[in-house]
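Here the structure is laid out as structure tokens; the discussion comes afterwards.
Protein chains: 2
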Amino acid sequence: MNKAEILIIDDEPQIRKLLEINLESNNYKVWQAENAKEGILMAANHPPELILLDLGLPDKSGHEVLKELRTWYNKSIIILSVINNEKDIVQALDNGATDYLTKPFRNAELLARIRSAIRRNQTDNTESKKVCGDLEIDFVSRTVKRNQEILKLTATEYNLLLLFAKNEGRVLTHQYILKEIWGIGAQLETQYLRVFVGTLRKKIEQNQNQPLHIITESGVGYRFE
Amino acid sequence: MNKAEILIIDDEPQIRKLLEINLESNNYKVWQAENAKEGILMAANHPPELILLDLGLPDKSGHEVLKELRTWYNKSIIILSVINNEKDIVQALDNGATDYLTKPFRNAELLARIRSAIRRNQTDNTESKKVCGDLEIDFVSRTVKRNQEILKLTATEYNLLLLFAKNEGRVLTHQYILKEIWGIGAQLETQYLRVFVGTLRKKIEQNQNQPLHIITESGVGYRFE
DNA sequence: TTAAGATTTAAGATAGATTAAAGGACAAAT
DNA sequence: ATTTGTCCTTTAATCTATCTTAAATCTTAA
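The listed protein sequences correspond, in order, to chains A and B. For what it's worth, the numbering used here labels the leading residue of the first sequence as 633, then goes sequentially. For what it's worth, the numbering used here labels the leading residue of the second sequence as 633, then goes sequentially.
Below, the structure is given as structure tokens:
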């Protein structure tokens with residue numbers, strides 16, 4: 633499982649550093665922005681699992697940032713603020729904040745609220761899946777459908793298909809595929825790969841003699857479309 | 633649109649009255665329970681949109697009530713408590729509390745947090761029973777029927793079936809199932825799982841040799857349909 | 001055209017899955 | 001306190017699916 637990514641938008645370097653240390657030691661990947669403009673840009677380019685937003689930013693009110701984010705960003709946003717003012721808390725929550733903590737905050741509590749917020753994300757989210765023509769690969773449920781029918785793939789076949797699907801359009805060398813699927817010791821066992829490409833094609837291709845999904849790049853490897 | 637229903641579980645009459653007045657004037661329908669037993673019963677009979685749960689109940693610890701509710705209730709639960717103790721807050725949030733407010737709380741803030749919690753609810757659906765083909769699982773009464781006949785399942789069998797039912801269509805790895813049912817120390821005891829899948833199949837499958845509900849994903853785990 | 005590369009098939013080996021059954025822990029009933 | 005019965009754990013035998021390997025056949029690129 634990958635690390636959950638958290639974006640901190642706060643202008644105080646000490647706070648950012650404190651959060652960075654605590655979050656990274658709890659296995660989160662941390663991104664940082666020191667003003668509203670930068671924060672919105674970063675969130676847009678690379679949407680994180682959760683945003684920690686300070687209300688007191690230099691270039692724009694945090695409430696405005698929150699509203700702007702909420703026009704398109706629907707994961708968790710937790711407000712951090714020195715303002716312990718009822719009106720601000722109410723306004724932030726009504727504008728779609730997931731939670732509100734006043735500084736100084738207790739670290740364990742922040743972590744618990746982050747876990748709670750991320751947990752909630754995961755159930756709300758629509759499942760991530762990939763559709764390639766007649767194929768539909770569901771990464772969460774670990775199932776593959778072709779024309780709505782569930783395909784019966786072995787563990788190795790599924791792993792191979794997953795690798796292909798995550799590198800759609802890219803030529804993968806035999807060596808690379810062998811290393812990823814069978815481990816670093818198997819990079820010369822090209823034969824394994826050929827057999828498994830065979831069985832996979834039998835299951836996912838309409839016409840085995842003219843494969844549309846797994847394309848052979850002779851002398852190099854395979855490409856998935 | 634109907635009024636959203638809120639269940640208050642708190643033993644202090646003054647607090648209940650205060651909440652009742654405030655919530656009803658904000659267009660919520662309010663239900664009240666003065667102890668854990670009554671609260672759980674009311675929640676089961678008539679699942680509300682949100683539960684306000686006091687941690688200091690006379691008959692049972694609020695943490696236990698929370699855990700019990702969370703086995704089947706997946707809408708919002710906001711904790712109200714006089715305890716402003718970091719450990720309790722963390723524990724409650726990790727047990728699935730949506731939010732945590734310490735008494736005395738500010739009324740407008742509570743209302744904002746309630747709005748926020750209810751807003752988040754609307755995407756995920758609560759259901760107290762699940763029908764899968766000839767199977768009918770009732771999460772509240774913890775009973776399972778097949779073709780209208782009540783099946784006699786042991787505690788472990790029921791827990792396993794519950795886990796499967798809540799992850800319908802998804803492949804669950806052996807490790808994950810073992811962790812969920814037998815706890816974090818049992819992740820290598822694949823054999824337990826196999827035995828229990830065997831006994832479960834005997835009870836829920838029409839034809840044991842061609843299981844329709846619990847599908848084996850060899851080398852990976854099981855999938856429930 | 002020819003050598004290297006790719007596919008296909010099938011059989012043996014291995015890891016994984018099912019099933020039955022016995023012993024132990026525990027709770028309910030006597 | 002003893003018995004009874006249920007459920008859980010553990011072991012072992014058997015069965016099955018999957019992986020590996022080799023060999024025959026086909027395709028591609030120089």
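All residues carry an ideal CB built from backbone N, CA and C; glycine is no exception.
In the pairwise beta carbon analysis, the region 692 to 712 of chain B is classified as touching the region 721 to 732 of chain B: at least three pairs are separated by under 8 Å. Pairing Lys777 (chain B) with Glu666 (chain B), the inter-Cα distance amounts to about 33 Å.
Below 8 Å, too few C-beta pairs join the region 711 to 721 of chain B and the region 693 to 700 of chain A to call them touching: fewer than three. What Glu718 (chain B) touches in chain A, judged by beta-carbon distance under 8 Å, is Arg738, Ala740, Glu741, going in chain order.
DSSP, reduced to helix, strand and coil, places Val852 (chain B) outside both helices and strands of the structure shown, so it counts as coil. Interface annotation for the region 771 to 784 of chain A against chain B: Val772, Ser773, Arg774, Thr775, criterion Cβ-Cβ distance under 7 Å. Look at the region 687 to 721 of chain B: the residues with a C-beta under 7 Å from a C-beta of chain A are Glu718, Ile721. Contact between the region 778 to 786 of chain A and the region 804 to 811 of chain A is absent: fewer than three C-beta pairs spanning the two stretches fall below 8 Å. Of all residues in the region 649 to 670 of chain A, none comes within less than 7 Å of chain B when Cβ atoms are compared. Ser773 (chain A) carries a coil assignment under DSSP once its states are collapsed to helix, strand and coil. Between the region 841 to 853 of chain B and the region 786 to 804 of chain B, the count of C-beta pairs closer than 8 Å reaches three or more; the two stretches touch. Chain B has a Cβ within less than 8 Å of the Cβ of Thr786 (chain A). The beta strand (DSSP E) runs lying completely inside the region 715 to 745 of chain A and spanning 3 residues or more are 731 to 734, given in chain order. Judged by beta-carbon spacing, Glu741 (chain A) lies within the 8 Å limit of Val722 (chain B), meaning their Cβ atoms are closer than that value. Interface criterion met: the Cβ of Ser748 (chain A) is under 8 Å from a Cβ in chain B. Closest by C-alpha distance to Gln823 (chain A), out of A:Gly853, A:Asn839, A:Gln840, A:Glu800, is A:Gly853. Ser657 (chain B): member of the alpha helix (DSSP H) spanning 645 to 657, first to last residue. The beta-carbon of Val852 (chain B) is placed less than 8 Å from the nearest beta-carbon of chain A. Around the beta-carbon of Ser773 (chain B), fewer than 16 other beta-carbon atoms lie within 10 Å, marking it exposed.
In the three-state reduction of the DSSP assignment, Arg778 (chain A) falls in the strand class, which pools E and B. Closest in alpha carbon position to Lys669 (chain B), among B:Leu743, B:Lys798, B:Asp686, is B:Asp686. Under the Cβ criterion of 8 Å, Asp766 (chain B) is not counted among the residues facing chain A. Apart from the 5 residues on each side of it in sequence, Glu837 (chain A) sits with its Cβ closer than 8 Å to the Cβ of Pro843, Leu844, His845, Ile846 in its chain, given in chain order. Of all residues in the region 722 to 736 of chain A, only Val722, Gln723, Ala724, Leu725, Asp726, Gly728, Ala729, Thr730, Asp731, Tyr732 place a beta-carbon less than 9 Å from a beta-carbon of chain B. For Ala636 (chain A), the enclosing beta strand (DSSP E) has its first and last residue at 636 to 641.
Annotation for Glu700 (chain B): Ile672 place their beta carbon closer than 8 Å to its own, counting only its chain and skipping 5 residues before and after. Exclusion of the five residues before and after Leu684 (chain A) leaves Ile640, Ile710, Leu712 as the residues of its chain whose Cβ lies within less than 6 Å of its Cβ.
Listed along chain A, the residues sitting closer than 8 Å to Gly801 (chain B) by beta-carbon distance are Ser773, Thr775. About 42 Å separates the beta carbons of Phe737 (chain A) and Asn799 (chain A), which is beyond the 8 Å limit, so they are not a contact pair. For a Cβ distance threshold of 7 Å, residue set Ile721, Val722, Leu725, Asp726 of chain A lies close to Ala744 (chain B), ordered along the chain. For Ala665 (chain B), the uninterrupted beta strand (DSSP E) run begins and ends at 660 to 665, by DSSP.
In its chain, beyond the 5 residues on either side, Asp643, Asn667, Ala668 have a beta carbon closer than 6 Å to the beta carbon of Leu689 (chain A).
When C-alpha distances from Asp770 (chain B) are compared across B:Gly817, B:Ile813, B:Asp691, B:Thr703, the shortest belongs to B:Thr703. Beyond the five residues adjoining it in sequence on each side, Thr775 (chain A) comes within less than 7 Å, by CB distance, of Ile782 in the same chain, given in chain order.
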